[in-house]
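Down below is the structure, laid out as structure tokens.
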Amino acid sequence: MRAEGIPINPHLPMIESEAQITLRTPREVAERLCALTMVSFKASEEPDQGLLDSIIVERGFRPYFSPEELAFIDDPRPEFHARTQFSWRCEAAWVLLWALRHVDGQLGLPNVTCNVPLISETVYKFGDLTERGMRSANDILNEADLIYRCHWAVRQSGLDGKDAPAGLHPGVTMERHQALNWLIGYSDRADWDDVTTDT
505 MRAEGIPINP HLPMIESEAQ ITLRTPREVA ERLCALTMVS FKASEEPDQG
555 LLDSIIVERG FRPYFSPEEL AFIDDPRPEF HARTQFSWRC EAAWVLLWAL
605 RHVDGQLGLP NVTCNVPLIS ETVYKFGDLT ERGMRSANDI LNEADLIYRC
655 HWAVRQSGLD GKDAPAGLHP GVTMERHQAL NWLIGYSDRA DWDDVTTDT
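Here my numbering is used: the first residue of the sequence shown is 505, the next is one more, and so on.
If you want it as structure tokens, here you go:
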């Protein structure tokens, strides 16, 4: 991180170890991925509500939504703020797509936005999103530790009245952090709407 020009806070506590976490199951991850993809699709593309409802029913997605997501999905005319907020969920979906081994390599720094078409294509066309299994707990924890420290740097730069270092994108950072914390069961395995992104 130092090589990239990202400040490091030596006083940040360590995140949980592999022995201290229980990862979400591949099925849980796939269901959450579907929910995030659909809310992002509605927020960004503003599809016809009837078309959206038919896709959700046909694919059996409705039970996968959190309470906040369901309220957004069922709102035929959501406010601009809600659409903006939910449009960023594609970045959280990208993390889960990676965790299910549909994205090669590491996630890397949160300084570029994700490949939205790849998310949509995979979710809509892939038969079983879980068939490739899950990445290891060690791989996921490494990404969780990186995003935790990046998020601290983003927040600290905001407090200092500066731009985020190394091109870190605040929106991408926030969404990745929530997704990774959810994956590792942070906040006592809180439901999606209640997962925090402490730094």
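Backbone N, C-alpha and C fix where the C-beta goes; we use that ideal spot for every residue, glycine too. Quantities reported herein were computed from a predicted structural model and do not represent experimental measurements.
Three-state class that DSSP yields for residue i in the structure shown
i: GLY637; result: coil
i: PRO530; result: helix
i: LEU574; result: helix
i: MET505; result: coil
i: PRO514; result: coil
i: GLY671; result: helix
i: VAL676; result: helix
Beta-carbon gap between residue i and residue j smaller than 8 Å
i: TRP602; j: LEU611; result: yes
i: ILE644; j: ARG680; result: no
i: ALA657; j: ILE510; result: yes
i: PHE590; j: VAL543; result: yes
i: CYS618; j: TRP598; result: yes
i: LEU604; j: ARG636; result: yes
i: GLN553; j: PRO580; result: yes
Beta-carbon contacts of residue i that lie in its chain and below 7 Å, excluding the five residues immediately before and after
i: PRO571; result: ASP697
Classification of residue i by the beta-carbon crowding that lies within 10 angstroms, buried from 16 upward
i: LYS629; result: exposed
i: GLN524; result: exposed
i: ARG639; result: buried
i: PRO582; result: buried
i: ALA547; result: buried
i: ALA507; result: exposed
i: ALA596; result: buried
i: ASN685; result: buried
i: THR677; result: buried
Close Cβ partners of residue i (< 8 Å) along its chain, the five nearest in sequence each way excluded
i: SER624; result: THR541 and PHE545
i: GLN660; result: PRO511 and ASN513
Chain B contact for residue i (CB, 8 Å cutoff)
i: LEU555; result: In the structure shown, chain B does not exist; there is a single protein chain.
Residue i Cβ short of 7 Å to the ligand MN heavy atom set
i: PRO571; result: No copy of the ligand MN occurs in the structure displayed, which carries no ligand at all.
| task | Please go through the segment 583-664 and give each complete beta strand (DSSP E) segment of 3 or more residues, from N-terminal end onward. | result | Listed in chain order, there is nothing to give.
| Which ranges does the alpha helix (DSSP H) cover as unbroken runs of at least 4 residues, wholly within the segment 518-566, from first to last along the chain? | 530-549 and 553-563
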